[in-house]
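Position 102 of the sequence shown, counted from 1, bears residue number 102 in UniProt numbering, the numbering being contiguous throughout.
The beta-carbon is built from N, C-alpha and C at its ideal position, and this holds for glycine as well.
Everything numeric in this text was worked out from a predicted model, so none of it was measured.
Some notes on the structure that comes next.
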Amino acid sequence: MTINEIQEDIIEEFAGFEDWMDKYAYLIELGTDLSGLDAKHQTESNLIKGCQSKVWFNASLENGLVKLQADSDAIIVKGIAALLIRVFNNQTPQDIMNADLKFIDEIGLKQHLSPTRSNGLVSMVKQIKMYGIAFNHVSK
């Protein structure tokens with residue numbers, strides 16, 4: 001699936017919830033289901049700066065596709081990371097670099113997060129985009 005198709009699926013899923021308590025419960029469920037990140041990857045270099053909670057991302061390039069893993073010490077942040085992984089995992093570096101993340105605004109995610117969590121979301125997206133840039137140079 002393309003990044004836009006995945007975003008459309010997420011927008012549709014979130015539209016089915018009555019209120020933000022249901023959406024938070026879904027984020028918690030996504031966080032609980034995320035397999036996490038091996039302790040060897042929970043390093044300072046993989047720590048996302050600008051997050052109130054600790055959140056780590058690890059990325060690799062396999063067969064031209066970016067593979068992402070993440071973990072966090074906060075379950076809602078872990079759920080947000082799971083959403084981002086769903087969108088960006090197994091995509092090309094070029095597609096990641098060029099992605100327009102409309103789902104964040106369309107589901108109202110940024111507006112319903114605390115300012116520090118919202119900053120953390122922006123930091124996570126920036127880091128994923130940086131992986132795309134770095135891997136784009138490697139793959140050429």
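Quiz prompt | Cross-strand partners of Lys67 (DSSP beta bridge) | solution = Lys67 pairs with Ser60.
Practice problem: Between the Cα of Glu12 and those of Ile133, Lys126, Phe103 and Gly120, spot the shortest distance and give me the residue it belongs to. | Solution: Minimum Cα distance to Glu12 is reached at Phe103.
Quiz item: Nearest-angstrom Cα distance between Trp20 and Gln69?
Solution: Trp20 and Gln69: Cα-Cα distance of roughly 26 Å.
Quiz item: Can you tell me the Cα-Cα spacing of Phe14 and Asn90, whole angstroms?
Solution: Our two residues, Phe14 and Asn90, have alpha carbons roughly 22 Å apart in a direct line.
Quiz item: Whose CA, out of Gly108, Val138, Leu37 and Val77, lies closest to the CA of Gln94?
Solution: Of the listed residues, the one whose Cα sits closest to Gln94 is Val138.
Quiz item: Ordered along the chain, which non-local residues of its own chain (more than five positions away) have a Cβ less than 6 Å from that of His41?
Solution: So the qualifying residues of the chain are Asn58.
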